[in-house]
Structure formats: C-alpha cells, structure tokens
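Student: Please find one structure pasted underneath; my questions will follow.
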Amino acid sequence: MTVRSRPLLLGLLATLLVVIAIASLFYRPDSIKQYLIQQVELQLGRKIEVGEARLRLFPRVRLTLSDVIIRDLDPSWNFFSAKQVDLVIRSTPLWQFKVVVKRLTLDQPRMELRRDAAGHWNFLNTAESGGGGGGEAGGSGGTGEGGNPLGLLLLIQQTTLTGGELSVVDEFRPDGSRSFRMTMLDAAIATGLKDILADVRLAATIPAEHGVTSLSLNGKLTRPEPPAQPLIGEPGHPPAVQFQGRAEALNVDIRRAADFFAPRPIPERLHGATNLRGTISITPGVGGYDLVLSDMTAGMGQLSLRGQASLSGIMTAQPTFSLTFSSAPVGLDELLDWFPIHWVNPQLAAIVEDREVGGLIEVVSATLTGTVKPELRASLTGELRLQRGHALVGSGRTQVENLSGTVIVESDRIKVTNVAGRYGPLRMNGGKGTVSFLTPGPWLDLEVTGEMAASDLAVTLGNAVTSASLSKSFRDLRKVQGNSVVTFRMAGPLNDFGALKFLGGEVLAQDLGFHSPLAPEPILGVNGRITFAPKSVVFDGISGRLGEGRFELQGTIDTEAAAVFKGFTVRASANVAQVMKWFPTAALSKTVLHGAVGATVSLSGPMDTPLIKAEVELKDAALNFSHTMQKAVGTPASLKFEATLPRSRLIAFDRFELHLPPIQITGRGTVRLGPKFAVDASLASNQVSLASLPKGMSLGSVEAGTLEVSLDVKGKGTDWKVWQITGWVALTDGRVTAQDLEGPLSGVYVRLHLIRNGAEIKRLAFKIKDSDVSLSGSIRNWDKTPIISVKGTSSQLDIDLLI
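Below, the structure written as structure tokens:
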C-alpha cells in the first residue's frame, strides 16, 4: 500500500461508518426524534408536549413539530404553544450527540410572559431548573443563554415568527393584576452578524378602544461594554444584553397603556389615542433593564409632543418612569386628558376643577417622573407658558381673564412669573406667584402689578386694609377719578380663598381726584406712592391740590391695632380767602387777613385724636389789626402751635406761638370748631421794643417803650368784641406823642389789669417836660358807657400842659 492510497482508504472507511450510523438511525426514527426533543427540553429546562413530530435527514436535518406546548415552571400554566415549530439542525454536532439549531420557524406561536405575586418572571429559570443538559446539548456553548427560553433564541442563526400572539401578565403590582396582549405578531431574529448579537425586526398589533394599535420595532442586540452585571443581579441568570433601534406605535390606547404602566386608579378623563415614534434603547441598569425612547415624537389629538421617555428598573419590584417633552400651545383641558394632574397632586386637581382653570398651555420643557407604586406620587417639573388663561379667584369667585405668564413647575411648588391679564378691575401687566405643596394643603404666595381705575382702587383698599378707621376713610371717598399703578401681595391656603390674606402692596397714584368728608373741598391731581404692609401704610411723595391750594404729604400710618400716625408730615400752601372758606366759623375779615399762607403740619398719635404740630408761614400774608397795627406782605411772620384734635372738634392747644419780629406771643388753650365756635386761651408776649416794630406796624401815638401783655381770653361765637378778656398789660419807659399835647409823654409806665369788661389801673406814670404824673384807679363798662375812677399824684405839675 502506497502512502497516497492510505488517506483515501481512511476516508472511504469513515464514509462507510457514517453510512452505517445513518442507516442505524433510519432503522430507529422514533428514537432519534425522542432524543432531539429531550435535548431541547434540557436546554429550555421545561417540559415539551408535541402532538406530532416529523424528522427529515436530507437534504438537511429538519425536525417539524406540530401542536407544540411548552409548560411553565408551574406546569399548570402554558408558557408557549405553537401550531407548528420547524427546526433546522446542524448535522455535524450530531456526531457528538449535540443538538444545535440553525434556523427556527414558529407558526402561530402563543406565549405568555407572567410575573407572579412573588415578583418572579416565568421566562427566567431558577438555578435548579436552569441546570441540566443545557451545556451537554451544545446549545449554550458557554454563552450562558441556556435555561432561558428567550435567551436561547440568540443561539439560533435565524428565527422567524408568523401570526403569533404575546400576552404579558403582571400579578406583582399591589394595586391589582394587569395585562396586555399583542396579536398578529411577526418577527425575524438573525444572529452571527459582525459586532452584534442579533438583528431584530418585529411587527404586531394590540386591540385598542377604537381599532387596533400597530407596533413595529427594528434594531440590534449587542453586549454592553464593559460587561454589565447580571440581568437582575442574581447568580445563575444569563449575561445582560442591550438593544438599539427604532420603534413606532400608532393609535396607542392611552387609557389601556396607563392602566398597565401607571398606578391605579386611572382618572376617568384619561381617554384617547396617540401615535408614538422614536429611537429606542434598552440597556442593563442598576437593577433590571432601563428603556429609553429618544428623539420621540407623539401626536395626541391637538397635542404634539417631542422629547424623551424612559422606564428604569424593568423586571424589578419598583420600576420608575420619566418623560421629558415639549409641545406647541394646547388647551389645558386637553393637556390634562393626557397628563392627569391627579398623579401629581390631588388637591391641585380639585382646585383646577372647582376654580374652572383653563387656557392654552405651551410646554417649553417638562419632565414627568414617577413609579408604578400608587402610594408614591408622580413628580412634574419644567417650564410652561400660559396664554388666554382664565380662572375664578377669591371668595367672591372673581373671574381672571386673558391670563398669561411663565409657569415653572418644581417637585414641591409651582412658580409663576411675568403674569399678565385682567383680574376684576385690575389690568395685570406683571407679577409673580408661588404655590407650595404643604402637608395641610397647597399654599399661595402672590404678587401682581397692574393698572386700576381710582374708583375701583378705593373699593379694593376699603375692603383690604385691616384698620377700621383707615378702611372707613377709603370707603367714604366719593366721585373718585383717575388711574393708578398697583402692586398687591397676598398669601393663604389655595383651597380656602376665604382665608387668603392681603399682605400689602403699593399704589402709584396718577392724577387722582376725589371728595372726602375729611376735606372741605375736592382733592384733585393727586400723585405719589402709597405702600401697604401688614402693619402699616407708608405715604411717599404724595402731592395734590385742595381747591386752589396745594399740598404734599409723607409719612406712615401704623395699622397694627388702631391707626396711629408716625412721622407723618403735611406741607400745604393756599390763599387766605380759601382757608377762611375751610373754617367759616373762625373766618376773619379780608381787611384783617389776606394774601397767601404756607404750613408744615406733623401728625402723631392715634388717627382719630392726633397730636398736631404745625408751623404756618405768614410772610406772604397781610395782617390788619387796626389802622395803626398792620403787617405788610413780605414782613416775616409765622405761627407755631401744638394741638390735640379729639373727636369732639375741641382742639386743645398745648402750645401756641406767634412770631412777628420783634413780637413773640405764646399761649395755650382750647378752641371748639363748628357752628358753636368757642375759645378759651391764655396768651403772653415777650418784652417788645416798640421802637423796633417793622414798617407799617405801630401802637398809634405810642412811639417807644417796652411792652408786655399777658391775657386770658374766653368767648363764644366769632365776634371777639364780646369775648371776656382778662390779664395784664405793661408798658415801661414808653414815649407817647399826641397832637393835643404841647409835648410828648416820656418815661411812661403802665400797669393795667384787665378784668372782664373793665380794667384796674394799678399805676400810670409819665413825664411831660418838667412835670410828672402818677395815676391809679379803674375803668368799668368800657364796651358800653365807660365809668372812670382815678386818683393821681405829682411832685411838679404844669396843668396847662395837659389841658
């Protein structure tokens, strides 16, 4: 035998052995079929029931099974069934008695994926059931897919499903079992491609409320790099895989999808269908798998969304979901149909319904996160824009119209900025607000700015301020006109508008006008700023007109208890004639006082009975006490006083000062205003040098000397001539010139005690040339028929000088 013929002989011998082996197999076909089925059972770790099995060896080894049933780990349940299963088996591994499937075709398969009440999925074998002959059969080949019916598909070069049906049942959820079913399932899985585990293509339908939902999925299975932890973190489970591809779901029944994935109960208003498209990624997570749908587009009625959705912890006890999206403007009612606010905050949902909140919402960017557990609420965060909004606000359910603004939603609060719209009489053009989700209920903090007619402002402030007297002052205003820019701040429980409190605000008056019982004439042209705080009202730069007069005021009214003036100052100027109109019972004749006066008045103490400190400037006024006692316009003069104004109109002057340089008169007393005018006062002057009196002011023939006056005045009515005047008049070193005398009186000394309608002359002394005279006595009834009684002495007297 030559060297070349030896290999040929060995080849013929091997061929003969194969033919003999095959012949022996043909001789026992039932045995080989049973062997192949046993090998598949070992790889699956499950019992297989077959109605009919057919084996063909040429041109390739093919095993066709009819009416196939694969039992669940719990044999009382069917995990898989198919009308026909066709397996093309590689022949070479059969020499080693190993079954390796090259192609798998499933006709009308039915599969049920079930998670039981303990949280176990039926397609994941336990360590005990996952052992056995998986490695012996060559199916796993060290890949670790053995024992997982779905994982075994990755060991087959080509898998095809037609006309299938898939049911998913979840009994693990605490709020009840739920399920969904895919029909008309067609799929193709190809392995052995470069750099990937498998190429997957799938199409199916799901029964929907109206028609069916169509699904399509195309993508690739790969191994994660670096290798991820096992599927659910337990030994014995197959290594993790990841999927990347495109997904499309058309006419998805929103309510059925929410019933499977979301916590129950599902809101009644949640209905409708959506079309969903995007790039899908399924990767191993910290626990289970994470699904991400990116570049997502979804159309739901008039709502069109773009963004990203994710589901983390698939196949774990507590999966979480997240949806990040944006949308064009859509009605709030429709938006809430797709994203029920009950999932975020039930109290807020009740308020939206009760207060008839509505409008157009543009979702700039929002993220909805949550878990499938019903006791854990979903969280919505993001930025929204509101247009053409409306709601009923306040205990009176006032309509807010054409509302717009930017809404920032956070996990525990909602912030609103750039608020605009109309709230009753308020035309809002700016503002901000915050709704905080507290344990007792949602809490509102609101600040709005806008324009308001002055008449509406008076009503609003009359109802808002806490001080009774200040509130009455606003309510008593009549014929209110003008405009204002206002800022209001409020806070309180959102579910009880009756408890909503006015915290303050700001009013910028713009040419306001009104009638007030506190003012004798209409107040017009009011401008300035009024700031309201919980315990005070601050007036800043307020100016206006009272009749023809002008005024400015500034200061604070404390409203914590009774209204109290603090640092409150009024500056005013007016014509004397107009001032006399304001106080008709105390009016003076034009011949007595005319011109212009200015005043600075400080108020302090209770608003009902304030302490008044005033300084009246009389420089531009003319005073005419008599034809010899006059103050011309331009001559400095002022009046200062401190007084308390009680409710009875009885003004108590604690101090009264009239400065008419060099004259200074001080005093104190009371004045009753009104029809029953009355005065009770004490006056005293300084020592006045008559020689230094200003031009136009004199005491007639008394040209020089030092004058002092101290008087007590009591009277009723405005005719001062009938008043009772008592007191003292003193003149020292006086000089008197009279036409009827041959010379002036010098060294005049007078001490006169005024008593009611008369006087006591304590002493009257003077010199005329070389003569001197000293008198004493009394004068009675000088307002009617004077009765004079005097006695005199002289050391030297020329009587002719006096006659």
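Per our numbering, the very first residue in the sequence shown carries number 8; after that it's consecutive. Just so you know, even glycine gets a beta-carbon here, dropped at the ideal spot from N, CA and C.
1. Tell me which residues share the same chain as D687 and place their Cβ nearer than 7 Å to its Cβ, disregarding the 5 neighbours each side in the sequence.
2. What whole-angstrom Cβ distance do I549 and V571 have, given they're in contact under 8 Å?
3. In terms of DSSP beta bridges, what is P291 paired with?
4. Using CA coordinates, which residue listed in G499, N470 and G489 is at the minimum distance from S480?
5. Using the DSSP secondary-structure output, state which residues sit across from Q671 in a beta bridge.
6. Quick one: any contact between the stretch 63-72 and the stretch 81-98, if contact means 3 or more CB pairs under 8 Å?
7. Opposite M322 in the DSSP bridges: which residues?
8. Residues in its own chain within less than 6 Å of T538 by CB, not counting five upstream and five downstream?
9. When DSSP labels each residue in this structure, what does R263 get in the three-state scheme?
10. With 16 as the cutoff for other CB atoms within 10 Å, does K638 come out buried or exposed?
11. Tell me, to the nearest whole angstrom, how far the beta carbon of I768 is from that of S785; I am working on the premise that it is less than 8 Å.
12. Look at the Cβ atom of L738, then the Cβ atom of G754, and state whether they are nearer than 8 Å.
13. Please classify R63: does DSSP put it in a helix, a strand, or coil?
14. So if DSSP puts Y430 in a beta bridge, which residue, or which two residues, is it bridged to?
15. What are the start and end residues of the beta strand (DSSP E) that includes W735?
16. Contact between the stretch 309-321 and the stretch 331-345 is defined here as three or more beta-carbon pairs at a separation below 8 Å; is this criterion met?
17. Per the DSSP calculation, M587 is bridged to which residue(s)?
18. Could you check where the beta strand (DSSP E) with T576 kicks off and where it finishes?
19. Just tell me which of D361, F504, T378 and S317 has its CA closest to the CA of R180.
20. Any idea which residues DSSP pairs A540 with across the strands?
21. DSSP three-state label for G158, please.
22. To the nearest angstrom, how far is it from the Cα of Q694 to the Cα of S802?
23. For the alpha helix (DSSP H) containing L600, name the first residue and the last one.
24. In angstroms, rounded to a whole number, what distance separates the CA positions of F104 and Q45?
25. Sorted by chain position, which residues of the same chain lie with C-beta nearer than 6 Å to K620's C-beta, five sequence neighbours on each side aside?
26. For the candidate residues T212, D177 and L161, whose alpha-carbon lies nearest to that of T198?
27. By Cβ distance, which residues of its chain are closer than 7 Å to P82, with the 5 residues on each side in sequence left out?
28. Using 10 angstroms around the beta-carbon of F267, count the other beta-carbons present and answer buried if the total reaches 16, otherwise exposed.
29. Taking the beta strand (DSSP E) that T494 falls in, what are its first and last residues?
30. Evaluate G149 with the Cβ neighbour count: other Cβ atoms within 10 Å of its Cβ, from every protein chain shown; 16 or more gives buried, anything less gives exposed.
31. Alpha carbon to alpha carbon, what distance is there between R362 and Q354?
32. Would you kindly work out how many angstroms separate the C-alpha atoms of I368 and V414, rounded to a whole number?
33. Going by DSSP, name the residue or residues bridged to Q165.
34. For N85, collect the residues of the same chain with a Cβ closer than 6 Å to its Cβ; drop the 5 residues on either side in sequence, then sort them by chain order.
35. The beta strand (DSSP E) with L120 in it runs from where to where?
36. With a 10 Å radius around its C-beta and 16 neighbouring C-beta atoms as the bar for buried, classify A766 as buried or exposed.
Tutor: The relevant details are as follows:
1. Against the sequence shown, residue 687 aligns to sequence position 680. For D687, where only same-chain residues beyond five positions count, the Cβ hits under 7 Å are G676, T677 and K721.
2. As a working mapping, residue 549 is identified with position 542 in the sequence shown. As a working mapping, residue 571 is identified with position 564 in the sequence shown. Wrong, their Cβ atoms sit about 18 Å apart, outside the cutoff.
3. Within the sequence shown, the letter at position 284 stands for residue 291. Beta-bridge pairing links P291 to Y296.
4. For the purposes of this step, residue 480 is taken as residue 473 along the sequence shown, with counting starting at 1. The shortest Cα separation from S480 among G499, N470 and G489 belongs to N470.
5. Counted from its first residue, the sequence shown places residue 671 at position 664. DSSP lists H666 as partners of Q671.
6. The answer is yes - the stretch 81-98 touches the stretch 63-72, with three or more Cβ pairs under 8 Å.
7. If you number the sequence shown from 1, residue 322 lands on position 315. Its beta-bridge partners do not exist; DSSP assigns none.
8. As a working mapping, residue 538 is identified with position 531 in the sequence shown. Answer for T538: E513 and V545, listed in chain order.
9. Counting from 1 along the sequence shown, the entry for residue 263 is found at position 256. Reduced to three states, the DSSP call for R263 is helix.
10. What you label residue 638 is simply residue 631 of the sequence shown in a count that begins at 1. K638 is buried by the Cβ-count criterion.
11. Within the sequence shown, residue 768 is the residue found at index 761, counting from 1. Within the sequence shown, residue 785 is the residue found at index 778, counting from 1. Indeed, because the Cβ distance is near 6 Å, the residues count as touching under 8 Å.
12. In the sequence shown, residue 738 corresponds to position 731, counting from 1. In the sequence shown, residue 754 corresponds to position 747, counting from 1. It is not a contact, given that the beta carbons lie outside the stated cut-off.
13. Your numbering for residue 63 matches position 56 in the sequence shown. Residue state, collapsed to three classes: strand.
14. Residue 430 sits at position 423 when you count from the first residue of the sequence shown. DSSP, once it has assigned bridges, lists V407 and L433 as partnering Y430.
15. By 1-based counting over the sequence shown, the position of residue 735 is 728. Q731 to V743 is the span of the beta strand (DSSP E), which, as asked, contains W735.
16. yes
17. The sequence position of residue 587 within the sequence shown is 580, counting from 1. According to DSSP, which records beta bridges pairwise, M587 is partnered with nothing at all.
18. Along the sequence shown, read from residue 1 onward, the residue named residue 576 stands at position 569. Start and end: V571 to N582.
19. Residue numbering aside, residue 180 sits at position 173 when the sequence shown is read from its first letter. Of D361, F504, T378 and S317, the smallest CA-CA separation from R180 is found for T378.
20. Sequence index remark: in the sequence shown, residue 540 carries index 533 (1-based). According to DSSP, A540 bridges with S543.
21. On the sequence shown, residue 158 is found 151 positions in, with the first residue counted as 1. G158 falls in the helix class under three-state DSSP.
22. Counted from its first residue, the sequence shown places residue 694 at position 687. Counted from its first residue, the sequence shown places residue 802 at position 795. Looking at the two C-alpha atoms, the distance is approximately 29 Å.
23. Taking the sequence shown and counting its residues from 1, the one referred to as residue 600 is at position 593. Per DSSP, L600 belongs to no alpha helix (DSSP H); it is in the beta strand (DSSP E), L600 to P613.
24. As a position in the sequence shown, residue 104 is number 97, starting the count at 1. As a position in the sequence shown, residue 45 is number 38, starting the count at 1. Going from the Cα of F104 to the Cα of Q45 covers about 12 Å.
25. Working through the sequence shown from its first residue, we reach residue 620 at position 613. Once the five neighbours on either side are set aside, the close Cβ partners of K620 are S609 and E649.
26. Position 191 of the sequence shown, counted from the start, is the residue given in the question as residue 198. Taking only the C-alpha atoms, the option nearest T198 is L161.
27. On the sequence shown, residue 82 is found 75 positions in, with the first residue counted as 1. Correct list, in chain order: K54.
28. Position 260 of the sequence shown holds residue 267. Exposed is the call here.
29. Translated into the one-based positions of the sequence shown, residue 494 becomes position 487. Segment R485 to P500, the beta strand (DSSP E) holding T494.
30. Here the question's residue 149 lines up with position 142 in the sequence shown. Here the model assigns G149 a pLDDT of 36, short of 50, so the residue's position is not dependable and the matter cannot be decided.
31. In the sequence shown, the residue the question calls residue 354 occupies position 347. In the sequence shown, the residue the question calls residue 362 occupies position 355. Cα-Cα distance, rounded: 12 Å.
32. If you number the sequence shown from 1, residue 368 lands on position 361. If you number the sequence shown from 1, residue 414 lands on position 407. The straight-line gap from Cα to Cα measures roughly 9 Å.
33. In the sequence shown, residue 165 corresponds to position 158, counting from 1. Partner(s): R110 and A197.
34. Within the sequence shown, numbered from 1, the residue matching residue 85 stands at position 78. Contacts found: I76.
35. Walking along the sequence shown from the start, residue 120 turns up at place 113. Per DSSP, L120 belongs to the beta strand (DSSP E) from R117 to R122.
36. One-based indexing of the sequence shown puts residue 766 at position 759. By the 10 Å Cβ count, A766 comes out buried.
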